[in-house]
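Notes follow the structure.
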Ligand code: ADP
Ligand code: MG
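In this note's numbering, the protein residues as written are 137 to 364.
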């Protein structure tokens, strides 16, 4: 499903260049639930952005579901992201001036799906994340846990094969965090969606099939052993 060969990310700054990801080889299987752990600044978000085509590697190749990411032009990359990848962020990143339904429908609307189809999909997704009745609410009227469930519904709208989640429980209390983890686990199990989740939380990581630990921009180990 996901194959990284020699993937490197260097940021060029005024003060010089900084290697956020050292040459990395990784193979993630279809349907896997992967947790990425590691100290702050170890390159976790950088890796996730590369996996989702939000950013391009300085060197190396990324193959996702048969698509060679660095060979796409910008327009193709935008379409790839919209159609194949669902993103979930720590701070939800919902649009505040749009309702829950409008937030969820963004990609569908961008694809000019018919209104009846959009409405039916939004209703189904709201049920799936247990938010029936909230279609007309604005993000500010929801709790953090509810906003994150809207973000997951939005991520699901295009039926992605891959969900990339960057500390999805980072802003939530334990109970709401566990609800989000359960939801992600169920999507992984029942809909065979491949999930790559960055987390600081050992308990959250334990929900995954496999843990990858980054340190100083490289894969330091697989598994939780010795990780605090
Ligand atoms: P993590 O998510 O593990 O905390 P990041 O992937 O966000 O770490 O960042 C890894 C390193 O790369 C950090 O030192 C960070 O400052 C640097 N970095 C990340 N994004 C940029 C950028 N756009 N420009 C310059 N440096 C960056
Ligand atoms: Mg990060």
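Built from N, CA and C at the ideal position, the CB exists for glycine as well.
All values derive from a computational prediction rather than experimental measurement.
Which one of 165, 221, 182 and 272 has the shortest CA to CA distance from residue 173? If we check each option's Cα against that of residue 173, 182 comes out closest.
Note down, in chain order, each residue of its chain lying with its Cβ closer than 8 Å to the Cβ of residue 157, except the 5 sequence neighbours on either side. Hits under 8 Å: 143, 144, 145, 179, 182, 183, 186, 193, 353 and 354.
Going by CA-CA distance only, name the one from 364, 210 and 299 that's closest to residue 342. For residue 342, the nearest C-alpha among the options comes from 364.
Where residue 220 and residue 332 are concerned, what is the direct C-alpha to C-alpha distance, given to the nearest angstrom? Near 14 Å, if we compare the C-alpha coordinates of residue 332 and residue 220.
Return yes when at least one heavy atom of the ligand MG lies under 7 Å from the C-beta of residue 180, else no. Result yes, Cβ under 7 Å from the ligand MG.
Quick one: using the 10 Å Cβ neighbour count with 16 as the cut-off for buried, is residue 169 buried or exposed? Buried: at least 16 other Cβ atoms inside 10 Å.
Would you mind sorting residue 227 into buried or exposed? The rule is 16 or more other CB atoms within 10 Å of its CB. It is exposed - the Cβ of residue 227 has fewer than 16 other Cβ atoms within 10 Å.
Determine, using beta carbons only, whether residue 312 and residue 269 come nearer to each other than 8 Å. No, Cβ-Cβ distance for residue 312 and residue 269 is not below 8 Å.
Any chance the CB of residue 364 is under 7 Å from a heavy atom of the ligand ADP? Result no, Cβ not under 7 Å from the ligand ADP.
Check whether the segment 232–241 touches the segment 283–295, counting contact only when three or more Cβ pairs, one atom from each stretch, lie closer than 8 Å. Cβ pair count under 8 Å is three or more, so yes.
Does at least one heavy atom of the ligand MG sit under 7 Å from the Cβ of residue 302? The answer is yes for residue 302.
Residue 299 and residue 200 closer than 8 Å at C-beta: The Cβ atoms of residue 299 and residue 200 lie no closer than 8 Å to each other.
The ligand MG heavy atoms versus the CB of residue 334: any closer than 7 Å? Yes.
Taking buried to mean at least 16 other C-beta atoms within 10 Å of its own C-beta, is residue 161 buried or exposed? Under this definition residue 161 is an exposed residue.
My output table needs one value for residue 326: the three-state DSSP class, helix, strand or coil. Judged by DSSP in its simplified three-state form, residue 326 adopts helix.
Can you find a heavy atom of the ligand ADP that lies under 7 Å from the Cβ of residue 149? At least one heavy atom of the ligand ADP is nearer than 7 Å to the Cβ of residue 149, so yes.
Chain-order list of residues whose beta-carbon lies under 6 Å from that of residue 306 (same chain, five-residue window excluded): Cβ neighbours of residue 306 beyond the five flanking positions: 226.
Proximity test, residue 154 beta-carbon vs the ligand ADP heavy atom, cut-off 7 Å: For the ligand ADP, at least one heavy atom lies less than 7 Å from the Cβ of residue 154.
Would you say the beta carbon of residue 196 is closer than 7 Å to some non-hydrogen atom of the ligand ADP? Shortest gap from the CB of residue 196 to any heavy atom of the ligand ADP: 7 Å or more.
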